[in-house]
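A short write-up of the structure that comes next.
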Amino acid sequence: MKAKIFLIMRIALFGPPGVGKGTQAHLLSERRGLRHISTGVMLRQAMAEGTPLGREAASYVNDGKLVPGEVVRKLAEAAIAETGYDDFVLDGYPRTVEQAGWLNEFLEAHKAPLHAVISIVVPDEVIVDRLSKRRVDRVTGENYHLDFKPPPPDLDPDRIFQRPDDRPEAIRKRLEVYRAETLPVEEIYEKCGKLYRVDGVGTMEEVYRRIEAVLEKVSGPVESGRVRP
Ligand code: AMP
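Taken in order, the sequence shown gives residues 23 to 251; the numbers are from the numbering used here.
This is the structure in structure tokens:
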């Protein structure tokens, strides 16, 4: 049987914090070979390393506020350029109408527009539960959930931590910021016919299958060769 080879894809995952963007982007990266570009991961890495950028970002990130746009713009554009403007999944960028404008200009300039923006939809109560029970491995960045995907018993407990922005105060702030700043970005992509909504309630695999169905609609798997849409 021929291996499934997928068309080149440039996509963005959308949705409030805690809908599973990181998890799904990780699966897309493993299974479709897309580069996972997460501004949140890059910022947390800079914070852990104590770089000037990390120190600047820390107070915003820990309080659940957006960091100044120019900072994330540089991070996202550098990471996209590294992919050669192909085969990436954006997770957490763009997050404001201004950032969406920058991204659009940047991708148009490289003749590499997004193929699809996938918005993952989950009710608020599920989000709060997921975020407050989320734990992260500080070494690998892997996410766990205390009930559904607990950290393995043999893992050193010192490696497991709760993100400061996953505390109830910061969760509320992040949901507010999402509604005020990020939701309007969906309208932009909806107007140009690139927005697809998928139900984010269910297992990781169920949600992945819904995303995969959208991607197959947009591009379709091919049986041989690596072709551009
Ligand atoms: P995330 O891991 O995507 O939930 O991002 C964690 C935090 O990083 C956010 O709450 C913001 O403080 C910051 N951040 C990530 N991406 C952006 C962005 N595109 N614009 C502004 N701040 C961001």
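Positions of the beta carbon are idealized from the N, C-alpha and C atoms, including for glycine.
The residue among Y211, G86, L168, M64 with its C-alpha nearest the C-alpha of N126 is Y211. Shortest Cα-Cα distance from Y166 to any of V207, M226, K213 involves M226. The secondary-structure analysis by DSSP pairs K171 across a beta bridge with H167. Taking 8 Å as the cut-off, the Cβ atoms of L56 and V111 count as close. Pairing A134 with D108 gives a Cβ-Cβ distance under 8 Å.
Look at H48 here: in three-state DSSP terms it is helix. Beta-carbon to beta-carbon, V199 and L88 are separated by about 6 Å, close enough to satisfy the 8 Å threshold.
If you look at R157, you'll find it in the beta strand (DSSP E) that goes 156-159. Remark: the shortest separation between the CB of R117 and any heavy atom of the ligand AMP falls under 7 Å. A100 is classed as exposed because its beta carbon has fewer than 16 other beta carbons within 10 Å across all chains shown. I149 and I142 have their C-alpha atoms roughly 11 Å apart.
Across the structure, G37 and K43 are spaced so that their CA atoms are roughly 7 Å apart.
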